[in-house]
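So the structure is just underneath, and the comments pick up after that.
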Amino acid sequence: MTTTLVREQLAALFLDSCKAATAKLTDAGVSLAFSRPRTHVVRSGENHDWETQRRWAEGNILRLRGKMIEPAAPLLGNELVHNADGCAAGLLALEGNTLLLNPTFFPPGGWPLTRLVQGDEAAVRDEEPVRWVREVVLLPALLEHMQALPQVDQAEPQHAKWFSNEVVRVATTETASYRVSVPLSGIDIQTLDGAPLQWENVTIRYLSDLEQGAHFDEVGTRPRSLMALFNAPPLVVLECIEKYPRNEQMPLTLSRRVRSMMAALQLYGFELAGHSAKIESVPKWLSFGAGLPHLGLPGTPPNWRVLTPEVFVGVAATARCLERWNIDQPKSTHDLALHRFCSGVARTNDTDAVLDFTIALESLLLPYDANARHSELSYRFRLHGAYYLTDEPSQRQEMSKTLNALYTMRSRLVHGGKYPTAEEIRATRQSARELAQRGLMQAVHGGFPTAGSFTRMALGLDGDADE
Numbered sequence: 020m021t022t023t024l025v026r027e028q029l030a031a032l033f034l035d036s037c038k039a040a041t042a043k044l045t046d047a048g049v050s051l052a053f054s055r056p057r058t059h060v061v062r063s064g065e066n067h068d069w070e071t072q073r074r075w076a077e078g079n080i081l082r083l084r085g086k087m088i089e090p091a092a093p094l095l096g097n098e099l100v101h102n103a104d105g106c107a108a109g110l111l112a113l114e115g116n117t118l119l120l121n122p123t124f125f126p127p128g129g130w131p132l133t134r135l136v137q138g139d140e141a142a143v144r145d146e147e148p149v150r151w152v153r154e155v156v157l158l159p160a161l162l163e164h165m166q167a168l169p170q171v172d173q174a175e176p177q178h179a180k181w182f183s184n185e186v187v188r189v190a191t192t193e194t195a196s197y198r199v200s201v202p203l204s205g206i207d208i209q210t211l212d213g214a215p216l217q218w219e220n221v222t223i224r225y226l227s228d229l230e231q232g233a234h235f236d237e238v239g240t241r242p243r244s245l246m247a248l249f250n251a252p253p254l255v256v257l258e259c260i261e262k263y264p265r266n267e268q269m270p271l272t273l274s275r276r277v278r279s280m281m282a283a284l285q286l287y288g289f290e291l292a293g294h295s296a297k298i299e300s301v302p303k304w305l306s307f308g309a310g311l312p313h314l315g316l317p318g319t320p321p322n323w324r325v326l327t328p329e330v331f332v333g334v335a336a337t338a339r340c341l342e343r344w345n346i347d348q349p350k351s352t353h354d355l356a357l358h359r360f361c362s363g364v365a366r367t368n369d370t371d372a373v374l375d376f377t378i379a380l381e382s383l384l385l386p387y388d389a390n391a392r393h394s395e396l397s398y399r400f401r402l403h404g405a406y407y408l409t410d411e412p413s414q415r416q417e418m419s420k421t422l423n424a425l426y427t428m429r430s431r432l433v434h435g436g437k438y439p440t441a442e443e444i445r446a447t448r449q450s451a452r453e454l455a456q457r458g459l460m461q462a463v464h465g466g467f468p469t470a471g472s473f474t475r476m477a478l479g480l481d482g483d484a485d486e
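To convert, note that position 176 of the sequence shown is 195 in this note's numbering; the numbers rise steadily by one, no gaps.
Shown next, in the form of structure tokens:
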């Protein structure tokens, strides 16, 4: 069967299904639209002040999929189900089709278009491929595209074309895609006409008033926690579309590229805040849900900064360098230095942040040296940092004093003695972050220093020493 014929059959199925659903809903006395209040975030001034407003909005009744639709379900009759099987068979007959690479654990998703299929009733992929494609591919795709209409009775040929093109594209691709969305507070973007910032498959764009309002609305059937409700609503979202093998489950953790971009923003001094990310298939119907990984960031940023296109170029370059390290699950001292820096930036407790930044600096400034004694750690920390973190010889003595004060503070926090005041800890947090930020930026772009590197620095020699 040719691709053109399959597209035509799919388009006809879409339009016929919309007509059948319209008739079923109307006959059952179910309105084709619903109205409900939605939360919008309205911002004013340069301080990112905001307030919420509740506005009534109309939507396609199919988006509710609740008890309101039950009197009309199933919306498709036996003839249209038979036509859907014909389309499924046509997709399987396409040259280069990859549908049977989809994981076998995908659940059927036909309701309310067809009756609810549960448990042993579901088709087995390798035994009933046509019905399986209908249940886990065609019907979920059909329902999602019908839900995207303003109302189900407003389907046009263009809508049918979008549906058929997307299904054929998915049926013949060897990889699957997913979108990671990370709503963030603490960042504003400054571009011409509010255009998004883009780098390869990464985008940072403004969230609409309604998208910002979703921060306060219900998630599924459960309201957000009180902590989330008191957090600052995000202004932008960091989005990244990644690919993964078609026969594997969609990843439910943040990709290394996303983590690298977040770490790069933190290395540039941005105070990121946010509650959770969302990970979902592209298109959404190709999976059975979305991941909502917790970000581990504070709920409200201490300050906001503007990300300009010029700064974004540097952030993207740093993110590219960071991709070689595993920031989430450290497997080396270099990974740990970056991991601890990001942890420190996200801390709401100043003491925890000081310890994180100090560990990050230790991982950077104290590479393993078989010839060094453990008792020399404090001395080597000051000496190495005095050379690595300064540009001029005249700055080294002052840097050594600063690092000595930091190491002393760490010892007072961990080992006892006269415990520092809250003001002392807060001031140390700021200086420790600045030092760690400076050193890690240098290491990320120029390579982490080795024990031999520090030896040659101290001797005033160029290049790396033999290890």
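Think of the CB as a built atom: it goes at the ideal place given N, C-alpha and C, for glycine as much as any other residue. Here the structure is a predicted model, which is why all the values come from computation and not from measurement.
CB contact flag (residue i, residue j, <8 Å)
i	j	result
A195	L305	yes
F473	H358	no
F176	N79	Going by the sequence as given, residue 176 is Pro instead of Phe. Contact flag unset, no.
V143	L118	no
L111	V152	yes
Q268	P122	yes
E89	K303	no
V334	L257	no
F331	I206	no
I454	L408	It is Leu, not Ile, that sits at residue 454 in the sequence shown. Yes, these two residues count as a Cβ contact at 8 Å.
P93	W75	no
A103	L34	no
L432	T370	yes
Straight-line gap, residue i to residue j (C-alpha atoms, nearest Å)
i	j	result
L95	D139	22 Å
A336	V171	46 Å
A372	P386	22 Å
R401	R457	15 Å
G115	V187	11 Å
A107	G85	27 Å
A160	S279	33 Å
F376	R452	6 Å
A292	L480	43 Å
K262	R415	47 Å
V491	E230	Any question about residue 491 goes unanswered here, given that the chain covers just 20 to 486.
S419	R429	15 Å
A52	H59	21 Å
L489	V301	Missing from the structure shown is residue 489; the chain here goes from 20 to 486 and no further.
R82	S54	12 Å
R241	D388	The predicted position of R241 is uncertain, since its pLDDT is 44 and thus under 50; no value can be drawn from it.
G436	L380	23 Å
L311	Y197	13 Å
R134	V100	11 Å
N184	A167	15 Å
T469	I260	36 Å
L29	E193	21 Å
Q461	L113	53 Å
A141	S382	54 Å
T145	T272	Here the sequence assigns Asp to residue 145, which means Thr is not the residue at that position. Answer to the nearest angstrom: the Cα atoms are 30 Å apart.
F307	F125	7 Å
Beta-carbon contacts of residue i that lie in its chain and below 7 Å, excluding the five residues immediately before and after
i	result
V136	P127, G129, E154
A282	L341, I346, L357, C361
T120	For the record, residue 120 in the displayed sequence is Leu; it is not Thr. Cβ within range, chain order: R265, N266.
S487	No answer is possible for residue 487: the residues shown for the chain start at 20 and end at 486.
T367	P317
W344	H353, D354, L357
Bridge partners - residue i, DSSP secondary structure assignment
i	result
Q217	T222
I206	R324
C259	V199, V221
G72	In the sequence as presented, Gly is not what sits at residue 72; that position holds Gln. Q72 pairs with H59.
N116	For N116, which the question treats as bridged, DSSP gives no partner whatsoever.
G310	I298
G78	F53
P264	T194
6 Å CB neighbourhood of residue i in its chain, flanking five on each side removed
i	result
S397	Y426
V238	The pLDDT assigned to V238 is 42, lower than 50, so where the model puts this residue is not dependable; a value taken from the coordinates is nonetheless given after this. Answer for V238: no residue qualifies.
I378	R359
A405	R415, M418, S419
T327	Q209
G213	Y225
Y77	Sequence inspection shows Glu at residue 77; the Tyr mentioned does not correspond to that position. Around E77: A52, S54.
Residues of its chain near residue i, where Cβ-Cβ distance is below 8 Å and the 5 sequence neighbours each way are ignored
i	result
D46	A91
R324	G205, I206, D207, G288, F289, E290
G48	P90
Cβ-heavy atom distance, residue i to the ligand ZN, below 7 Å
i	result
K43	Inclusion of the ligand ZN in the displayed structure is not the case, the ligand content being empty and no account of it being possible.
Residue-chain proximity (residue i, chain B), Cβ-Cβ < 8 Å
i	result
P264	This model lacks chain B altogether, as it is built from one protein chain only.
Hey, is the region 34 to 52 in contact with the region 199 to 207, meaning 3+ C-beta pairs nearer than 8 Å? no
Check whether the region 219 to 229 and the region 247 to 265 touch, using three or more Cβ-Cβ pairs below 8 Å as the test. yes
Quick check: the region 318 to 326 against the region 433 to 443, are there 3 or more CB pairs under 8 Å? no
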